[in-house]
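Asker:
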Amino acid sequence: MKKIVILISGRGSNMQSILEARLPLEVAAVISNDAAAGGIATAKKHGIVTRVVDHRAHADRAAFDAALGAEIDAFKPDLIVLAGFMRILTTGFVNRYRGRLINIHPSLLPAFTGLHTHRRALEAGVKLHGCSVHFVTPELDHGPIVIQAAVPVLADDSEDTLSARVLAQEHRIYPQAVRWFCEDRLSITPHGTVTLKAVRGADGVLLSPAIDS
Ligand code: NHR
Ligand code: GAR
134 MKKIVILISG RGSNMQSILE ARLPLEVAAV ISNDAAAGGI ATAKKHGIVT RVVDHRAHAD
194 RAAFDAALGA EIDAFKPDLI VLAGFMRILT TGFVNRYRGR LINIHPSLLP AFTGLHTHRR
254 ALEAGVKLHG CSVHFVTPEL DHGPIVIQAA VPVLADDSED TLSARVLAQE HRIYPQAVRW
314 FCEDRLSITP HGTVTLKAVR GADGVLLSPA IDS
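The numbering of the sequence shown is our numbering, which starts it at 134 and goes up by one.
1. In this structure, does DSSP put P239 in helix, strand or coil?
2. Using only the alpha-carbon positions, how far apart do E292 and L273 sit?
3. Identify the residues that DSSP records as bridge partners of P285: which are they?
4. Just curious, the alpha helix (DSSP H) that K178 is in, first and last residue?
5. Could you check if T224 is buried or exposed, using at least 16 other CB atoms within 10 Å of its CB as the buried criterion?
6. Taking the DSSP output, what are the residues bridged to V160?
7. Determine whether the beta carbon atoms of L152 and M134 lie at a separation below 8 Å.
8. Hey, would you say the C-beta of F405 is under 7 Å away from at least one heavy atom of the ligand NHR?
9. Which of the three DSSP states is assigned to T270 in this structure?
10. Report the rounded CA-to-CA distance for L329 versus F268, giving the unit in angstroms.
11. Judging by CA-CA distance, which residue of D211, V227, V338, V279 is the nearest neighbour of P243?
12. For R229, which three-state DSSP category applies?
13. S146 to L340, Cα distance in whole Å?
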């Protein structure tokens, strides 16, 4: 069975969706860069080992990433899952875990990389927004995309209503992506895209607003 380590910074609802999906894997640890993260208590409730590596206790990003890497390596994980993890990682760190480090980002990448994605989607007037699971590469939010979910942007949406609609989909696609990884069904092509072995099902077309027919 594969082992994963989950990195969080806050509430940890995406972590929780993975813990509660009963996936065929072992969650070896949950590590937070912030001792105040709500997700630490949730992880403990699930009987998961937790660790804190406080970025503020380290002189620079390289020192923080070295300490974080040492904690991670102690668990010998097959996969590292960023779940609302809010610290940009150095190129050295990312390259060390290349191909086994994934993130969930609250936008339909490559649109709206970085922070405040829901506000920026509302300002841009897009009619579809969503979330993406991607492999992490040194360039922020630019790695190979595994799965995306789209949601409509509604006329009376606020950042709160839109982010809640997206979050519900995050909780569907992240456990799915982690499952695929652990089943060895994901591969990264030389072109830097992801292919999934043996999928069947809907073609995935979405329209927003919907068209009457
Ligand atoms: N690191 C690399 N190298 N590449 C990626 O694709 C990464 C990454 C680290 C985190 C998650 C990401 C997201 O999904 C992620 C992807 C933090 C920031 C950020 O600006 C941006 C994107 C993401 C995570 N962080 C600030 C910093 O100075 C701190 C912001 C805060 O604490 O609120 O690190 O969006
Ligand atoms: C989620 O919406 C996640 O996509 C986003 O933060 C939220 C964390 O919620 N991640 C980022 O913005 C990464 N920069 P959670 O702690 O409840 O999973």
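Just so you know, even glycine gets a beta-carbon here, dropped at the ideal spot from N, CA and C.
Answerer: Inspection of the coordinates gives the following:
1. Coil at P239, not helix or strand.
2. Just so you know, the alpha carbons of E292 and L273 end up roughly 22 Å apart.
3. Note: P285 sits in a beta bridge opposite L261.
4. According to the DSSP assignment, K178 belongs to the alpha helix (DSSP H) that extends over 171-178.
5. Taking every protein chain shown into account, the CB of T224 has fewer than 16 other CB atoms within 10 angstroms, so this residue is exposed.
6. In the DSSP output, where bridge partners are listed per residue, V160 has I137.
7. No, the pair does not count as a contact, with Cβ atoms beyond the cut-off.
8. Because residue 405 is not part of the residues shown, which for the chain are 134 to 346, the question remains open.
9. Assignment of T270 by DSSP, reduced to helix, strand and coil, places it in the coil class.
10. If I take the Cα positions, the gap works out to 13 Å.
11. It is V279 whose Cα lies nearest to the Cα of P243.
12. R229 falls in the helix class under three-state DSSP.
13. Distance from the CA of S146 to the CA of L340, rounded to the nearest whole angstrom, comes to 28 Å.
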